[in-house]
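Residue 344 in my numbering sits at position 188 of the sequence shown, and the numbers go up by one each step. To keep things clear, I will list the structure first and then write my remarks on it.
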Amino acid sequence: MKHIYKESQTLISTAASHDLQVKQIQNVPADKSIYGINEESILSNLSSFHPITSLPADIMHDILEGIKPKLTSCLLHTVVSNRLCSASKICQLINKFTYGTNDRRNHPPVLKEKDIFDKRIPGKAMEKYCLFLNLPFMLISFIDKVPYWFLYTLLRQIWNILYSDYPRRSWLSTLEELIEEFLQLFQNIFPEQFIPKFHFLLHAARNISKYGPLKRQMNLRYEAKHHLLKQIANRCNNFINLPCTVSRRIQLHQCDEIMDENMFKCNGIIGKLRKRQTTSFKQTIQNTLLDDNLFTDKEFIQYVKWV
Numbered sequence: 157m158k159h160i161y162k163e164s165q166t167l168i169s170t171a172a173s174h175d176l177q178v179k180q181i182q183n184v185p186a187d188k189s190i191y192g193i194n195e196e197s198i199l200s201n202l203s204s205f206h207p208i209t210s211l212p213a214d215i216m217h218d219i220l221e222g223i224k225p226k227l228t229s230c231l232l233h234t235v236v237s238n239r240l241c242s243a244s245k246i247c248q249l250i251n252k253f254t255y256g257t258n259d260r261r262n263h264p265p266v267l268k269e270k271d272i273f274d275k276r277i278p279g280k281a282m283e284k285y286c287l288f289l290n291l292p293f294m295l296i297s298f299i300d301k302v303p304y305w306f307l308y309t310l311l312r313q314i315w316n317i318l319y320s321d322y323p324r325r326s327w328l329s330t331l332e333e334l335i336e337e338f339l340q341l342f343q344n345i346f347p348e349q350f351i352p353k354f355h356f357l358l359h360a361a362r363n364i365s366k367y368g369p370l371k372r373q374m375n376l377r378y379e380a381k382h383h384l385l386k387q388i389a390n391r392c393n394n395f396i397n398l399p400c401t402v403s404r405r406i407q408l409h410q411c412d413e414i415m416d417e418n419m420f421k422c423n424g425i426i427g428k429l430r431k432r433q434t435t436s437f438k439q440t441i442q443n444t445l446l447d448d449n450l451f452t453d454k455e456f457i458q459y460v461k462w463v
């Protein structure tokens, strides 16, 4: 599998082949490791669900937590091994880097020298993503001398298509070519670091064509919501009917947020008042304004943009 760089060279699972494999492991449990299936999905009884067609790939787990940190760790290790910069200096550049307003809440944890030598990037998905995006600015003083930096630029081009809100079908052929080039180069340069998540890139173009933007299919928001549930489970010290405890606590938390007195108030907020002719609005809005007795002046109306 490590030397396959095109999806056309692989055997794509179908709903029919998956069902046959499920029956096979039910008869011969020893074949579970051959097919990569442990048991039949509990949701298979639903008429509109099938594990093969209803579960698109998650680019958060495959790329943000897999491919990107792996490439980042390999590049940092290469910089140190080629003596372009010491491990302590790289840690200092990363740990003391000044992040922008949008990146401050997701800045990566402290990077240690041991992490560089072990080719490991600590942190959560968005923290690893933040480090990957800002890596060129951190290594700007010697970025032209970094070996294999073209792998980084290739992955950035791939990610720009995968993370696009409205990917075009005309981009998919380019995406397949970029993925083929990236996988082949990475396999030749870092063969020991080639993990199965790299192989999942082969199916990205087909998944976009079938499911639409993969950005809308990723588990990032689910993981953020689930993080609060895990915190409650760890802190409640209750091991009897834990789902009931967690569900009650999360409902109370949601209730507190909704019932907050200051949630819908804008006390102390002022701004500029603007004047506009009622005839400049759409006809439906004009009818509403004319029917409303609150507006004494039917010709002009005052409105604000800061609410």
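Every residue gets a Cβ at the ideal spot worked out from N, C-alpha and C, and that includes glycine.
_Can you tell me which residues form a DSSP beta bridge with residue 431?_
As a beta-bridge residue in DSSP terms, residue 431 pairs with 458.
*Ordered list of alpha helix (DSSP H) runs contained in the segment 195 to 263, each at least 4 residues*: Restricting attention to alpha helix (DSSP H) runs no shorter than 4 residues, the segment 195 to 263 encloses them at 224 to 237 and 243 to 251, ordered along the chain.
*Please say whether residue 318 and residue 281 have beta carbons closer to each other than 8 angstroms?*
Contact: no.
_Please list the terminal residues of the continuous alpha helix (DSSP H) segment that includes residue 362._
Boundaries of the alpha helix (DSSP H) around residue 362: 360 to 367.
*asked:* So, at 7 angstroms on beta carbons, what are the nonlocal neighbours of residue 361 in its own chain, with the 5 sequence-adjacent residues on each side left out?
replied: 328, 331 and 332, listed in sequence order.
_Cβ distance (whole Å) where residue 456 is taken to contact residue 431 below 8 angstroms_ = At roughly 5 angstroms, the Cβ-Cβ gap stays under 8 angstroms, so residue 456 and residue 431 are in contact.
*asked:* Would the segment 364 to 374 count as touching the segment 164 to 177 if we require 3 or more Cβ pairs under 8 angstroms?
replied: The answer is no - the segment 164 to 177 does not touch the segment 364 to 374, with fewer than three Cβ pairs under 8 angstroms.
*asked:* Taking a contact to mean a Cβ-Cβ separation below 8 angstroms, would you say residue 390 touches residue 401 in this structure?
replied: Not a contact, by the Cβ cut-off of 8 angstroms.
*Going along the chain, which residues of its own chain have a beta-carbon closer than 7 angstroms to the beta-carbon of residue 356, five neighbours each way excluded?*
Excluding residues within five positions, the ones whose Cβ falls inside 7 angstroms are 213 and 218.
*I think residue 349 touches residue 226, with their Cβ atoms under 8 angstroms apart; what is that distance to the nearest whole Å?*
Indeed they touch by this definition, with Cβ atoms about 6 angstroms apart.
_Neighbourhood of residue 358 by C-beta distance below 6 angstroms, restricted to the same chain and skipping five residues each side_ = Within the same chain, residue 358 has close Cβ partners 163.
*Taking three-plus beta-carbon pairs below 8 angstroms as touching, is the segment 265 to 277 in contact with the segment 240 to 256?*
Between the segment 265 to 277 and the segment 240 to 256 there are three or more inter-stretch CB-CB distances shorter than 8 angstroms, so the stretches are counted as touching.
_Start-to-end residues for the alpha helix (DSSP H) that takes in residue 175_ = Residues 171 to 183.
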